[in-house]
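When the letters of the sequence shown are read in order and numbered with full-length UniProt numbering, they come out as residues 1 to 124.
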Amino acid sequence: MDHIDGIPQTTATAPNGSAPQHRRSVADWLGLVLLSLLVLFVGGFTGVLGPLFAISCESCQDGIRIPLFDEVLLLIAFVLVPLTTFVSVVATFLPRGGARAGGIGLGTLLVLFVVMLAIGQIPA
1 MDHIDGIPQT TATAPNGSAP QHRRSVADWL GLVLLSLLVL FVGGFTGVLG
51 PLFAISCESC QDGIRIPLFD EVLLLIAFVL VPLTTFVSVV ATFLPRGGAR
101 AGGIGLGTLL VLFVVMLAIG QIPA
């Protein structure tokens, strides 16, 4: 315990003694849990409804447009979106940069959603 101006001060240091550690409070954990739930929700929405929005067509006879790059659309929906969601949720709980990783994951899911919509608009 260090004394600064007669007031005892405690500093938590890393095991190697290099930098102080930051312990997360209950509010920090609650925020990270809510952020990860939001990432899961947006990932589910993007993966399930994104391809459906991409191929929907009001003026088509069946209401469905056949996109030129349907394999790419399925690759994004069934591989990239779940992978991005999983990595974002796991990275949210890392000791450093958790909220930033969740925010980047949300942005990436939004970009993937827009890309799916754009790919679905290209007719075969």
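The beta carbon of each residue, even a glycine, is placed where N, CA and C say it ideally should be.
Self-check item: Straight-line gap, S88 to Q61 (C-alpha atoms, nearest Å)
Solution: Within the sequence shown, residue 88 is the residue found at index 88, counting from 1. Within the sequence shown, residue 61 is the residue found at index 61, counting from 1. If you take the alpha carbons of S88 and Q61, they lie about 39 Å apart.
Quiz item: CB L112 to CB T84, shorter than 8 Å?
Solution: Taking the first residue of the sequence shown as 1, we reach residue 112 at position 112. Taking the first residue of the sequence shown as 1, we reach residue 84 at position 84. Their beta carbons are under 8 Å apart, which means L112 touches T84 by this criterion.
Quiz prompt | A91 to S59 span [Cα, whole Å] | solution = As a position in the sequence shown, residue 91 is number 91, starting the count at 1. As a position in the sequence shown, residue 59 is number 59, starting the count at 1. Their backbone Cα atoms lie some 43 Å apart in a straight line.
Self-check item: Best match in G97, A99, A77 and G120 for proximity to V48 [C-alpha to C-alpha]
Solution: Position 48 of the sequence shown, counting from 1, holds the residue named residue 48. Here the closest residue by C-alpha is A77.
Self-check item: Outcome for L73 when other beta-carbon atoms lying within 10 angstroms are tallied against a minimum of 16
Solution: Sequence index remark: in the sequence shown, residue 73 carries index 73 (1-based). Classification for L73: buried.
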